[in-house]
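Scroll down for the structure; my scribbles are underneath it.
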Amino acid sequence: MAQRALSLIAALLVAGAVIVPVAAVLWRGGGITALSPADWAALRFTVWQAFWSAAISVALAIPVARALSRRDFFGRSALISVMGAPFILPIIVAILGLLAVFGGKGLVNLLIGQFGLPKIDIYGAHGVILAHVFFNLPLAVRLILQSWLAIPSERFQVAASLDASLFWLLEWPMLKRIAPGAFAVIFVICLGSFAVALTLGGGPRATTVELAIYQAFKFDFELSKAASLAVVQLLLGGIAGCVALLLSRTDMMGAGLDRVVQRWDGGRLLDAFWVISAAAFLLLPLGAVVFAGLPGLTELPASIGPAILRSLAVAIAAVVLTVALALPLATRAGEAASLLGISVSGLVLGTGLFLLLQPITRPQDVALPVTLLVNVLMSLPFVLRILRPGIESAKADFGRLGQSLGLSGWPLWRIVYLPRLRRPMGFAAGLTGALAMGDLGVITLFSRPGEGTLPLVMYQLMGAYQMEAAYAAALLLVALSLGLFWIFDKGGRVNADL
Numbered sequence: 050m051a052q053r054a055l056s057l058i059a060a061l062l063v064a065g066a067v068i069v070p071v072a073a074v075l076w077r078g079g080g081i082t083a084l085s086p087a088d089w090a091a092l093r094f095t096v097w098q099a100f101w102s103a104a105i106s107v108a109l110a111i112p113v114a115r116a117l118s119r120r121d122f123f124g125r126s127a128l129i130s131v132m133g134a135p136f137i138l139p140i141i142v143a144i145l146g147l148l149a150v151f152g153g154k155g156l157v158n159l160l161i162g163q164f165g166l167p168k169i170d171i172y173g174a175h176g177v178i179l180a181h182v183f184f185n186l187p188l189a190v191r192l193i194l195q196s197w198l199a200i201p202s203e204r205f206q207v208a209a210s211l212d213a214s215l216f217w218l219l220e221w222p223m224l225k226r227i228a229p230g231a232f233a234v235i236f237v238i239c240l241g242s243f244a245v246a247l248t249l250g251g252g253p254r255a256t257t258v259e260l261a262i263y264q265a266f267k268f269d270f271e272l273s274k275a276a277s278l279a280v281v282q283l284l285l286g287g288i289a290g291c292v293a294l295l296l297s298r299t300d301m302m303g304a305g306l307d308r309v310v311q312r313w314d315g316g317r318l319l320d321a322f323w324v325i326s327a328a329a330f331l332l333l334p335l336g337a338v339v340f341a342g343l344p345g346l347t348e349l350p351a352s353i354g355p356a357i358l359r360s361l362a363v364a365i366a367a368v369v370l371t372v373a374l375a376l377p378l379a380t381r382a383g384e385a386a387s388l389l390g391i392s393v394s395g396l397v398l399g400t401g402l403f404l405l406l407q408p409i410t411r412p413q414d415v416a417l418p419v420t421l422l423v424n425v426l427m428s429l430p431f432v433l434r435i436l437r438p439g440i441e442s443a444k445a446d447f448g449r450l451g452q453s454l455g456l457s458g459w460p461l462w463r464i465v466y467l468p469r470l471r472r473p474m475g476f477a478a479g480l481t482g483a484l485a486m487g488d489l490g491v492i493t494l495f496s497r498p499g500e501g502t503l504p505l506v507m508y509q510l511m512g513a514y515q516m517e518a519a520y521a522a523a524l525l526l527v528a529l530s531l532g533l534f535w536i537f538d539k540g541g542r543v544n545a546d547l
């Protein structure tokens with residue numbers, strides 16, 4: 050009963066932290082306003098590109114995750130960590146890398162030009178989908194890979210003794226449980242596409258709702274229109290999340306003895322093809338960013354040091370708060386409430402917080418706490434999608450046993466549940482820290498000059514046309530984000546066969 054009450058309180062707090070700022074913008078703007086034909090066109094394109102971006106990301110992630118789950122090779126652990134880099138990169142940095150590979154003068158067009166083939170145009174709807182797959186394929190791979198590795202070794206041994214199909218007996222039930230949630234999270238992420246649509250959209254036909262909100266703020270300052278679009282966006286994300294939660298089911302196939310999974314099935318060449326193709330697609334743009342950033346390391350300004358410390362402080366605090374909040378929220382209702390955080394427009398959320406805080410204090414005085422709050426709200430859906438299947442499986446497999454031994458509350462979590470959540474908790478903590486490290490959102494609305502985070506300093510360098518220094522700051526940001534991710538993710542995999 051206490052656990053349910055705590056979960057309900059946490060869900061209400063998360064929902065309130067999202068809904069109240071949106072309501073503040075609606076109140077200041079004078080209420081809901083009717084959408085124009087251009088707004089409806091943006092809404093249709095947003096849903097269309099989000100659906101295909103999520104579907105392609107999950108479809109490609111399945112063979113990649115399967116190959117990684119059943120093959121052990123030198124550098125596998127490092128490859129899994131580095132392949133997650135695109136998702137945790139600041140979006141504009143990753144787009145620069147994509148343009149270096151797929152742009153008009155990029156590596157791919159230079160290569161196909163040698164054979165007289167027509168060039169690839171990255172701008173337009175297909176470019177938006179390509180970029181979203183680039184960002185979200187690593188997330189889909191890790192979400193599915195965690196569940197693949199969680200299938201106990203004993204199940205594979207039983208399937209072998211029965212001469213049964215491993216895929217239909219073991220893997221397909223797991224995919225039916227995990228894939229809908231992964232699809233929903235990526236779908237909601239793509240609903241809020243802004244920088245990708247702004248950079249690669251190529252015109253009004255590839256305008257997303259988030260970009261329409263930006264235009265309402267930037268050019269017309271129509272708060273009611275921006276808030277109305279945000280409400281539509283919020284409803285879409287909520288519907289997608291509820292559908293996924295209804296489709297997803299807890300693993301009820303029983304527990305194993307925590308033995309190392311041994312696999313003997315599958316073609317090595319096919320697995321190698323999927324791993325190499327995914328690695329090339331994800332790592333070539335990252336390599337382009339590294340190559341461009343090395344020459345400017347000596348030109349970084351003195352403000353870079355304090356900015357790094359501020360970013361690290363926000364990232365570490367976000368890890369602690371997000372994981373602590375995710376444990377009581379690890380229910381269907383809690384995950385549904387958490388999806389509000391990535392369903393709502395970051396621009397509307399930041400503006401609403403600004404309006405709420407302005408009568409009480411100077412928003413600049415609480416820039417870092419507000420940035421921390423927004424990062425926690427944005428990270429919670431990912432963390433819960435990672436943790437909830439493991440928590441539900443642990444409770445189903447060991448909950449009654451723990452209670453029969455007189456364990457309850459914190460002792461039950463410490464002795465029984467948390468050891469089995471070590472791997473997903475490490476991944477979730479690393480993902481949260483890296484996302485917070487590279488976030489450039491409400492800090493642009495609140496920060497005083499000279500008190501920004503590392504991503505803000507990078508954008509200021511770009512605005513000052515100090516491109517070599519900006520690329521160097523981007524390289525430093527990538528290194529720190531990956532470093533945080535690796536530390537937490539590796540900590541969760543100590544003494545584990547990952």
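The sequence shown maps to residues 50 to 547 in this note's numbering. No residue lacks a Cβ here, since even glycine has one placed at the ideal position from N, Cα and C. Here the structure is a predicted model, which means the values were calculated and not measured.
Span separating the alpha-carbon of residue i from that of residue j
i, j, result
"residue 369", "residue 265", "36 Å"
"residue 56", "residue 450", "23 Å"
"residue 476", "residue 537", "7 Å"
"residue 117", "residue 196", "12 Å"
"residue 96", "residue 240", "7 Å"
"residue 190", "residue 432", "15 Å"
"residue 427", "residue 124", "31 Å"
"residue 305", "residue 198", "Low local confidence applies: a pLDDT of 41 at residue 305 is under 50, so the model's placement there is unreliable, and no value is given."
"residue 49", "residue 405", "Any question about residue 49 goes unanswered here, given that the chain covers just 50 to 547."
"residue 109", "residue 286", "23 Å"
"residue 423", "residue 67", "9 Å"
"residue 350", "residue 61", "43 Å"
"residue 101", "residue 388", "19 Å"
"residue 282", "residue 64", "15 Å"
"residue 237", "residue 392", "6 Å"
"residue 344", "residue 330", "25 Å"
"residue 516", "residue 127", "30 Å"
"residue 185", "residue 338", "18 Å"
"residue 354", "residue 133", "26 Å"
"residue 160", "residue 357", "38 Å"
"residue 465", "residue 383", "22 Å"
"residue 93", "residue 231", "22 Å"
"residue 200", "residue 539", "20 Å"
Span of the alpha helix (DSSP H) around residue i
i, result
"residue 384", "381 to 387"
"residue 362", "353 to 378"
"residue 248", "244 to 249"
"residue 338", "317 to 342"
"residue 393", "It is not in any alpha helix (DSSP H) - residue 393 carries neither H nor E in the DSSP assignment."
"residue 481", "471 to 486"
"residue 128", "125 to 132"
"residue 263", "258 to 264"
"residue 232", "221 to 240"
"residue 119", "86 to 119"
"residue 504", "503 to 512"
Sequence-distant residues of the same chain with beta carbon closer than 8 Å to residue i, five excluded per side
i, result
"residue 111", "193, 224, 228"
"residue 144", "180, 244, 245, 248, 249"
"residue 273", "75, 78, 79, 80, 81, 82"
"residue 105", "178, 182"
"residue 407", "none"
Residue i burial status per 10 Å Cβ neighbour count (16 or more: buried)
i, result
"residue 322", "exposed"
"residue 279", "buried"
"residue 122", "exposed"
"residue 317", "exposed"
"residue 155", "buried"
"residue 98", "buried"
"residue 69", "exposed"
"residue 442", "buried"
"residue 563", "For residue 563 there is no data in the structure shown, the boundaries of the chain being 50 and 547."
"residue 88", "buried"
"residue 226", "buried"
"residue 326", "exposed"
Beta-carbon contacts of residue i that lie in its chain and below 7 Å, excluding the five residues immediately before and after
i, result
"residue 291", "385"
"residue 492", "416, 420, 501, 502, 505"
"residue 418", "none"
"residue 510", "518, 519, 522"
"residue 508", "489"
"residue 307", "Confidence in residue 307 is poor, its pLDDT being 38 and thus under 50, which makes the residue's placement unreliable; the coordinate value appears in the next sentence. Excluding residues within five positions, none has a Cβ falling inside 7 Å."
Neighbourhood of residue i by C-beta distance below 6 Å, restricted to the same chain and skipping five residues each side
i, result
"residue 168", "158"
"residue 400", "74"
"residue 398", "70"
"residue 188", "136"
"residue 485", "363, 364, 367, 424"
"residue 439", "470, 473"
- Scan the stretch 136 to 180 and note each continuous alpha helix (DSSP H) run of 4 residues or more that stays entirely inside, going in chain order. 140 to 151, 156 to 162
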